[in-house]
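The opening residue of the sequence shown carries number 973 in my numbering; numbering runs sequentially from there. C-beta: ideal position from N, C-alpha, C; glycine also. Below: the structure, in structure tokens.
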Amino acid sequence: MPMRIDPSILAADFANLEAELARIGTADLVHVDVMDNHFVPNLTLGLPVVESLQKVSALPLDLHLMITDADRWAPVYAETGAYSVTFHAEAATDVVATARRLRQIGARAGLAVKPGTDIEPYLQLLPEFDMLLVMTVEPGFGGQSFMEDTMPKLRRASEAVVKSGLDVWLQVDGGISEKTIEIAAEAGANTFVAGSSVFGAENAAAQITLLRDLASRHTHAPTQPAH
Ligand SMILES: O=C(CO)[C@@H](O)[C@H](O)COP(=O)(O)O
Ligand SMILES: [Co+2]
973 MPMRIDPSIL AADFANLEAE LARIGTADLV HVDVMDNHFV PNLTLGLPVV
1023 ESLQKVSALP LDLHLMITDA DRWAPVYAET GAYSVTFHAE AATDVVATAR
1073 RLRQIGARAG LAVKPGTDIE PYLQLLPEFD MLLVMTVEPG FGGQSFMEDT
1123 MPKLRRASEA VVKSGLDVWL QVDGGISEKT IEIAAEAGAN TFVAGSSVFG
1173 AENAAAQITL LRDLASRHTH APTQPAH
């Protein structure tokens, strides 16, 4: 199973985004954090910047929407041509209808849960999603510490995906570095968002390769039972 590294441009220089994209050519996707200062206490970027990134990025965009009223807004972001649109379960009224709309538009549909949100109710909806995002920090800011207590949830999600036989990607986001990526990979993640550990590195492309190599040591299905 391939291990994917998605650098988060939240840790990039916002005044030079095109140049920052040129530093991460070894990545699989570009993770774009959209925050509205309502769902999370921070404001980042919105549609105009996503549209501009779409025009200049050689890599597919992986949008992470941390905004309220996801039912309304997620499809609007998908219309930009984004490869993947992930919205939060806590911000949506009808997660299935929203995911279906995203797929109709042509985007992969991702569902995210905050560290305190149970993933169990969503595991019976796996056929509706292309990716599940288990947040490993409280959403809102880059540079936070990895929350290892989210691993039982990730492991449980991984078991459900393996059992389903579906190719639903399992993404982790927050505090992923060379010190933590193997913990998440061992618990079943295969898609890793990394902001500060990539853009803070002198050689971002080499750091991406290092992270992927570390994650690839754990390509097996989870070995420990869910908690
Ligand atoms: O969605 C978020 C934060 O809410 C992330 O995508 C961060 O941008 C990851 O940054 P690092 O923890 O890797 O620095
Ligand atoms: Co994110």
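- DSSP lists A1166 as the beta-bridge partner residues of P979.
- A1079 is positioned such that its CB atom lies closer than 9 Å to that of A1050.
- When only Cα atoms are considered, A1187 and A1157 end up about 5 Å apart.
- Sorted by position in the chain, D1005, H1036 and D1145 make up the residues whose C-beta lies under 5 Å from a heavy atom of ligand 2.
- Relative to ligand 1, even the nearest heavy atom lies 8 Å or more away from the CB of P1047.
- Under the 8 Å Cβ criterion, the segment 1064 to 1073 does not count as touching the segment 1027 to 1037, having fewer than three qualifying pairs.
- Taken atom to atom, the span from the alpha-carbon of N1014 to that of Y1094 is near 27 Å.
- Distance from the C-beta of G1082 to the nearest heavy atom of ligand 1 is not below 8 Å.
- A distance below 7 Å between beta-carbons, with the five flanking residues on each side excluded, links I1180 to the following residues of its chain, in chain order: I977, P979, I996, T998, A999 and V1170.
- Between I1148 and T1108, the CB-CB gap stays under 9 Å.
- In the three-state reduction of the DSSP assignment, V1140 falls in the coil class.
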